[in-house]
Each structure stands twice: as C-alpha cells, then as structure tokens.
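Take the sequence shown: its letters are residues 785 to 1264, numbered as in our numbering. By construction, the Cβ of each residue, glycine as well, lies at the ideal position given by its N, Cα and C atoms. All values reported here derive from a predicted model rather than from experimental measurement.
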Amino acid sequence: MISPSDVSPHGRSRTAGVVTPAYGSSEAGPAGLPDSGRFRPRRVAGAVRPGAADEVACLVRAAAAARTPLHPVSTGRNWGLGSALPVDDDALLLDLSGLDRIRDVDIRRGFAVVEPGVTQGALTGRLAGTDRMLNLTGASRHTSVIGNILERGVGLHRPRAEDLAGLELVLADGELARTGWWPSPGGPAVVQPHGRGPSLNHLFTQASWAVVTAAVVRLLPRPRTVRILPAVFPPGRLAEAVDTLRAWTAGGLVPATTKIYDPVAARTYGIREATGPDGACLAHLALTGDADVTAALAGVLTARLRQDSCPLSEGPERAADAEVHAAYAGEHDPGDALFRRKTGGCCARCVDRSRGLLMFLPVVPFEGGAVETAATLIDAAREEGTARPGIMMNVLDADTIDHVVTLRFDPADPLSTAAAHRTLDRMHVSFAAHGWPPYRPDIDHPPAAATDPVLHRRLVGALDPHGVFARGRFAPPPDR
C-alpha cells in the first residue's frame, strides 16, 4: 500500500499535491463509501484525489512500487452498478473528480478537450448559446462526460462511443500517452477519431489497463428544430409496436434514437392513466434538423399513428414536454430538472445514500418477439415482494435495442434489498441463456472469462503486467 509518509498531515502529497478525501482504509459499502445498489461491502485501502495529470502519474508510480492496485473513478456516480466501489477488495480508490478542467472547446471543428471530473452540466453550460451541443444522456447533469464514454453508454442522439476522438492516458509505468486524434500544430486539422493505422481509442474503453486523464469529445451540431413525438401503446401489443418501430427505423422514417418506456418508466413522463389493467407504454420519436424536414416527417408519422391498423397511437403532449425537448436540444439545465423527476426529487448528491436501485442493461435484437421475450424474462425473475422494475429501451440501430432495467428497493430494509439482488441474479442467468448478457455489468457480476483469453493475457502482459490497476467490471478474474 502507498506509505503514509508520502502524504503530509494536511492531506497534501509531498511529491504530487494530492488531496486525500475524508475516508481512509475501511470497508466500503452501506457504512462506508455510499452505494445505491447496496452491493457486498468492499474493503478499500483508502482514497486519493489528484488535481492534475502529472499528479496521477506520480500516484501510479507510487502504487506500483507499493503493489497497491488502483481503482480509478471519474465522479463515482455509476448508480445501480456499484457507484465508486471496486470489484475486488484492497484497491486504492483513485478519485479523478478533481481533474475538472475544460481544456479546450472548438466550435468550428466540433470538439472539446475535457478531464474526467468535467460533468455533463459543466460542458453543456460552456456550450450554451453556441452552434454545438453535447450528446447528453438521460442521467444527471452531475455525471462525468468521460466516465460514460468509457462505459460506452448511450446518449440521446447516438451511442457515446461515437463521441470519442482521442484519449490521454497514464500507463501502468506512469508514462503519459495519447491515442486517437488530438489538436496539435502541424497535425491533422480535421477531427479523425480513427486516424491512420491501428485505432487504439477503444482498447481503453470498458478496460482497466490505464488511467484516462483527458479526452477529446466530439460535439454535435445543434439542431435548428427539435420535435419529439410521443406515441403510446398497450403492453399487450409490445411485439407489434416494436416491429412497427423497427420498420420505421429501417426505412428512415425515424432515426435510430427512439426511446421506449414500459408503464413503470412511462410514469416519469406523465403517462399514468391506464389503457387497460397494465397501463400504457410510451415511445419518444425524436426528429431533429431543419424545420421543413421535421415538419414533413412529423406529418407522415402522425398520419400513421392515426391509422386503425397501427399498434401505436398519438400520446399526450405532456409526455414530451419542454424539459424533454430541452435535453434533446442539448440545453443547459442547472437545476437537473428531468433527472429529479426520475428520482422523485432526489438530487445527484443524495442518490447513493437515500435511494436503493440496481441496474441491468442487456442488449436484445430489435425484434418484437425478442423484446417480448425479454419482458417475460424480467417478470419471471422478479422475487415476490420486489417492486415492478422500470424498463427503458434505447434503439441503437435497425437491428439492436438495449434495455435499461431499474430495480428499486428500500435500502433500509434488508429483506427488500436481498430480494432485489436475487432478482438481479436471476436476470443475469436467464438473459445469458438467451445470449443477451448486459453490455455494462455491475461489480458483483463481472465476466467469468475473457472472450479471447489468449489475446487478453497478451494485452494485460503488455499494458499492466504487474497488476497496477485493479480489475474493473468488464475484466475476467486474473490468471492464478
């Protein structure tokens, strides 16, 4: 472990200016580091909070010498998957929230250079009034831009992996390196994430072989108009509705950005009245671009939604209100209004301590039968007494749709907590049997084995042969 002599009594590293948070070596979990999922408590070696990339490099070298594995986190708000907790015990938490600079913004070329502590809200505020916007997610504005990109999360307009242009890394030996495209005098003037030769950016997404200290993030042109059409349908017509939406997506009538909400998730958007005993599902059909284009598409879609043969129908305007439109327009939301609606008024800073929630995120074929099967598996996995989960689906392309399954429980009730975890365990088993594992696992369900063990061993041997970095949620157990 890193020696206490490396840190002054005032919490400042003698060599790197590192601020240590209030928590030290302890068990992390309900009584230690907060965690909305109430996963098994982890024993952590402590935590350090650097403020610059060179400080990170010093800490990596010190951890390597002390043989203390580092667990990097950006802002730690990975709710439902483990928040800031590591997979294994005895890791030293490397809190990167102090690296919070927006180093550069180029509106003309469409990129920003940000550090791990830069939040969605901070970057959106910086871009206010410009012709560019961030591809926001549906999470809090207090979540890290880089953190979600490294998770390969899903934005409102496209998968976040497509927003990545370049990475700045501290390798296991403390060396600083860069991948992908970076703005530099004499370098390529056009943002080219893949560049020439081997493309290395995604070697370090969903990986634990280095510490990311900055990234070049691509910015989207801000659309001239945003129009979100709400459509509703009864749960009993789920398969028909999904097949219809797939046909519209494949035909170019709607972009591959549609969001589908089951009756529980639809309550966030005011869909509470029942069209039957099971309530109503909601779909957000997002149209962006020139006014003539969005108006024409909206006209075609509205006509189809009014057809008796269509399984979907027009939803109420309140189901896609001004806050929803603002999110798709990339507008600044300092009050985090849309997120607070989803959490019952709970702010980002209180979720881990006040809420009980688990997340399950499988990827499923964009087919009515497959989505209906997924809904059946989720319902069958539910432990008696566990609240009905909310399910939100992100259309990724004409063939693929991911699911965000949110299990809520009473964190003060051990029986409720245990039942929710048993439900989560069952979903992992049943979805794996169908070949639909989660694309973002939680800390209790990392993969049991690498997809290609030989290649994985070679990469580990080349990038982190001495185990400087703790095993992440996407990594199999180390070779013994």
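Proximity below 8 angstroms, CB of phenylalanine 1150 to CB of valine 1179: For the purposes of this step, residue 1150 is identified with residue 366 of the sequence shown, where counting begins at 1. For the purposes of this step, residue 1179 is identified with residue 395 of the sequence shown, where counting begins at 1. Closer than 8 angstroms, so yes.
Cβ-based burial, arginine 851 [other Cβ within 10 Å; buried from 16]: Residue numbering aside, residue 851 sits at position 67 when the sequence shown is read from its first letter. Exposed.
Rounded straight-line distance, which links the Cα of arginine 942 to that of proline 1095: Position 311 of the sequence shown, counted from the first residue, corresponds to residue 1095. Position 158 of the sequence shown, counted from the first residue, corresponds to residue 942. The straight-line gap from Cα to Cα measures roughly 26 angstroms.
Meets three-Cβ-pair contact criterion under 8 angstroms: the region 1016 to 1033 and the region 1145 to 1160: yes
Distance between glycine 939 and alanine 815 (C-alpha atoms, nearest Å): Numbered from 1 along the sequence shown, position 31 holds the residue referred to as residue 815. Numbered from 1 along the sequence shown, position 155 holds the residue referred to as residue 939. In this predicted model, alanine 815 has a pLDDT of only 41, less than 50, meaning its place in the structure is not dependable enough to derive any value.
Distance CB(arginine 962)-CB(aspartate 1117) smaller than 8 angstroms: On the sequence shown, residue 962 is found 178 positions in, with the first residue counted as 1. On the sequence shown, residue 1117 is found 333 positions in, with the first residue counted as 1. No. Outside cutoff.
Helix, strand or coil at aspartate 890 according to DSSP, with G and I counted as helix: Position 106 of the sequence shown, counted from the start, is the residue given in the question as residue 890. In the structure shown, aspartate 890 sits in a strand (DSSP, three-state: E or B).
Threonine 1072, buried or exposed, once every other Cβ within 10 Å from all chains shown has been counted against 16: One-based indexing of the sequence shown puts residue 1072 at position 288. That one is buried.
Cα-Cα separation between aspartate 1226 and aspartate 1120, rounded to whole angstroms: Reading the sequence shown from its first residue, position 442 is the one you call residue 1226. Reading the sequence shown from its first residue, position 336 is the one you call residue 1120. Spanning the two alpha carbons is a distance of roughly 25 angstroms.
Under the three-state DSSP convention, the category glycine 937 falls into: Taking the first residue of the sequence shown as position 1, residue 937 is located at position 153. Residue state, collapsed to three classes: coil.
Simplified DSSP state of glutamate 1167, which is helix, strand or coil: Taking the first residue of the sequence shown as 1, we reach residue 1167 at position 383. If DSSP states are grouped into helix, strand and coil, glutamate 1167 belongs with coil.
For serine 867, the three-state DSSP class (helix, strand or coil): Taking the first residue of the sequence shown as position 1, residue 867 is located at position 83. It is coil, neither helix nor strand.
Contacts around serine 809, its chain only, beta-carbon distance under 6 angstroms, and the 5 residues preceding and following it disregarded: Taking the sequence shown and counting its residues from 1, one reaches residue 809 at position 25. Residue placement at serine 809 cannot be trusted, given a pLDDT of 46 that sits under 50; what the coordinates show is reported in the next sentence. Around serine 809: Ala829, Gly830.
Residue from Ile1044, Gln976, Gly1128 whose Cα sits closest to the Cα of methionine 1177: For this step, residue 1177 is matched to residue 393 along the sequence shown. Of the candidates Ile1044, Gln976, Gly1128, the one whose C-alpha sits nearest the C-alpha of methionine 1177 is Ile1044.
Cβ neighbour criterion (16 or more within 10 Å) applied to proline 834: On the sequence shown, position 50 is the one that residue 834 refers to. Buried: at least 16 other Cβ atoms inside 10 Å.
The region 1202 to 1210 contacting the region 1138 to 1152, beta-carbon criterion three pairs below 8 angstroms: yes
DSSP three-state assignment for arginine 1206, whether helix, strand or coil: Within the sequence shown, the letter at position 422 stands for residue 1206. In the structure shown, arginine 1206 sits in a helix (DSSP, three-state: H, G or I).
Closer than 7 angstroms: alanine 1015 CB and nearest the ligand NAP heavy atom: What this structure holds is no ligand at all, so the ligand NAP is not there to describe.
Helix, strand or coil at arginine 1021 according to DSSP, with G and I counted as helix: Taking the first residue of the sequence shown as 1, we reach residue 1021 at position 237. It is helical.
DSSP bridge partner residues for phenylalanine 895 (one or two, in chain order): Against the sequence shown, residue 895 aligns to sequence position 111. The partner list for phenylalanine 895 (beta bridge, DSSP) reads Asp890, Arg1002.
Residues that DSSP places opposite glutamate 952 in a beta bridge: Here residue 952 is taken as the residue at index 168 of the sequence shown, counted from 1. DSSP, once it has assigned bridges, lists Arg962, Ala998 as partnering glutamate 952.
Run of the alpha helix (DSSP H) containing histidine 1240, from where it starts to where it stops: If you number the sequence shown from 1, residue 1240 lands on position 456. Per DSSP, histidine 1240 belongs to the alpha helix (DSSP H) from 1237 to 1247.
Alanine 868 versus alanine 998: straight-line alpha-carbon distance, rounded: Within the sequence shown, numbered from 1, the residue matching residue 868 stands at position 84. Within the sequence shown, numbered from 1, the residue matching residue 998 stands at position 214. Going by the C-alpha atoms only, they are around 19 angstroms apart.
Identified DSSP bridge partners for lysine 1043: Your numbering for residue 1043 matches position 259 in the sequence shown. Note: lysine 1043 sits in a beta bridge opposite His1068, Asn1178.
Check whether isoleucine 886 and threonine 914 have beta carbons under 8 angstroms apart: What you label residue 886 is simply residue 102 of the sequence shown in a count that begins at 1. What you label residue 914 is simply residue 130 of the sequence shown in a count that begins at 1. Cβ distance not < 8 angstroms, so isoleucine 886 and threonine 914 don't count as in contact.
N-terminal and C-terminal residue of the alpha helix (DSSP H) that arginine 1124 is part of: Counted from its first residue, the sequence shown places residue 1124 at position 340. Its alpha helix (DSSP H) spans residues 1121 to 1126.
Beta-carbon gap between aspartate 947 and valine 1001 smaller than 8 angstroms: Residue numbering aside, residue 947 sits at position 163 when the sequence shown is read from its first letter. Residue numbering aside, residue 1001 sits at position 217 when the sequence shown is read from its first letter. Going by C-beta atoms, aspartate 947 is nearer than 8 angstroms to valine 1001.
Spatial distance of arginine 916 from arginine 1166 (CA atoms): As a first step, residue 916 must be located in the sequence shown, where it is residue number 132. As a first step, residue 1166 must be located in the sequence shown, where it is residue number 382. Rounded to the nearest angstrom, the two C-alpha atoms are 43 angstroms apart.
Alpha carbon of leucine 880 to alpha carbon of valine 840, nearest angstrom: The residue you call residue 880 lines up with position 96 of the sequence shown. The residue you call residue 840 lines up with position 56 of the sequence shown. Those two C-alpha atoms are separated by around 9 angstroms.
Proximity of valine 995 and valine 954 at Cβ, strictly below 8 angstroms: Start at 1 with the first residue of the sequence shown, and residue 995 comes out as number 211. Start at 1 with the first residue of the sequence shown, and residue 954 comes out as number 170. Yes, these two residues count as a Cβ contact at 8 angstroms.
Proximal residues to glycine 813 (C-beta, below 8 angstroms), its chain only, five neighbours per side dropped: Reading the sequence shown from its first residue, position 29 is the one you call residue 813. Model confidence at glycine 813 stands at a pLDDT of 46, short of 50, so the residue's coordinates are unreliable and nothing is read from them.
Cβ shell of proline 805 (< 7 angstroms), same chain only, five flanking positions each side left out: Locating residue 805 in the sequence shown gives position 21, where the first residue counts as 1. Bear in mind that a pLDDT of 41 at proline 805, under 50, signals an unreliable position, so the model cannot answer this.
Burial state of arginine 861, where buried means 16 or more other Cβ atoms lie within 10 Å: On the sequence shown, position 77 is the one that residue 861 refers to. Burial call: buried.
Expected contact under 8 angstroms - CB spacing of alanine 1064 and valine 1135 to nearest Å: For the purposes of this step, residue 1064 is taken as residue 280 along the sequence shown, with counting starting at 1. For the purposes of this step, residue 1135 is taken as residue 351 along the sequence shown, with counting starting at 1. In fact, because the Cβ distance is near 27 angstroms, the residues do not count as touching under 8 angstroms.
Residue span of the beta strand (DSSP E) that contains threonine 1184, given as start and end: Taking the sequence shown and counting its residues from 1, the one referred to as residue 1184 is at position 400. 1184 to 1193 is the extent of the beta strand (DSSP E) around threonine 1184.
Selection from Val844, Leu1037, Leu951 that minimises the alpha carbon distance to alanine 896: Here residue 896 corresponds to residue number 112 of the sequence shown, with the count starting at 1. Alanine 896 has its Cα closest to that of Leu951, out of Val844, Leu1037, Leu951.
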